[in-house]
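Residue numbers (the working numbering): 7 to 129.
Note that beta-carbon positions come from the ideal geometry of N, C-alpha and C, so glycine has one too.
Worksheet for the structure shown next.
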Amino acid sequence: MKIVFRVTCFILAISLALLMFFGWTHTGLNLLVQGVSRVSGGLVTVGSSSGTLLKSWRLHNISVTTSSVQITAGEFESSWNPADLFTANVQVFSLSGQDVDILFKEQEEKAVVRDKAIVLPRF
Numbered sequence: 007m008k009i010v011f012r013v014t015c016f017i018l019a020i021s022l023a024l025l026m027f028f029g030w031t032h033t034g035l036n037l038l039v040q041g042v043s044r045v046s047g048g049l050v051t052v053g054s055s056s057g058t059l060l061k062s063w064r065l066h067n068i069s070v071t072t073s074s075v076q077i078t079a080g081e082f083e084s085s086w087n088p089a090d091l092f093t094a095n096v097q098v099f100s101l102s103g104q105d106v107d108i109l110f111k112e113q114e115e116k117a118v119v120r121d122k123a124i125v126l127p128r129f
């Protein structure tokens with residue numbers, strides 16, 4: 007019985023250490039971003055990242071490419087409170103993107119050039 011207790015405590019300690027490493031360190035965020043690029047098979051690429059996952063973070067030079075659409079963003083930033091997840095809420099303080107381009111590949115030949123910029127509503 008003591009062995010089961012020790013193994014359980016060891017697994018919980020390792021899980022907590024990994025959560026702290028990936029959630030509260032810049033290096034952990036970088037490893038998560040690199041992991042997403044590897045797991046997606048190159049569909050999602052991120053040039054660089056800064057911040058921590060469980061506070062505020064910023065991604066630079068993001069690209070998402072599928073067979074029908076290509077999305078690029080110069081910068082994507084978020085700030086949120088992860089402690090609210092324990093109360094079944096999500097509180098996002100800020101969520102912003104800059105230089106976002108969406109290109110639908112089926113419509114690539116019929117691209118319409120607009121004279122005015124599109125203004126999105128503020129929430």
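Return helix, strand or coil for VAL106, following the three-state DSSP convention.
-> Annotated three-state conformation of VAL106 is coil, per DSSP.
Spatially closest choice to VAL125 from PHE110, LYS111, GLN104, LEU109, by CA coordinates | Looking from the CA of VAL125, the closest CA among PHE110, LYS111, GLN104, LEU109 belongs to GLN104.
Would you check if there are 3 or more beta carbon pairs closer than 8 Å linking the stretch 75-86 to the stretch 29-44?
-> Short answer: they don't touch.
Bridge-paired residues (DSSP) for LEU65 = Per DSSP, SER55, PHE82.
What whole-angstrom Cβ distance do LYS49 and THR71 have, given they're in contact under 8 Å?
-> Per the sequence presented here, residue 49 reads as Leu, with Lys not at that position. So it is a contact: roughly 6 Å between Cβ atoms.
Excluding the five sequence neighbours on either side, which residues of its own chain have a C-beta within less than 8 Å of the C-beta of ASP90, listed in chain order?
-> Result list for ASP90: VAL96, GLN97, in chain order.
So, using beta-carbon positions, are THR58 and TRP86 closer together than 8 Å?
-> No; because the gap between Cβ atoms is not below 8 Å, this pair is not in contact.
For ILE77, the residue or residues it bridges with in DSSP = For ILE77, DSSP records a beta bridge to VAL70, ILE108.
Give the DSSP bridge partners of GLN97, in chain order.
-> GLN97 pairs with ASN87.
What are the boundary residues of the alpha helix (DSSP H) that includes ALA123?
-> Counted as a single uninterrupted DSSP element, the stretch harbouring ALA123 is not any alpha helix (DSSP H), since DSSP gives it neither H nor E.
Near PHE28, which residues of its chain fall below 8 Å by C-beta distance, leaving aside the five closest residues on each side in sequence?
-> Cβ-Cβ distances below 8 Å link PHE28 to GLY34, LEU35, LEU37, LEU38, LEU59 in the same chain, with the five nearest sequence neighbours on each side left out; the list follows chain order.
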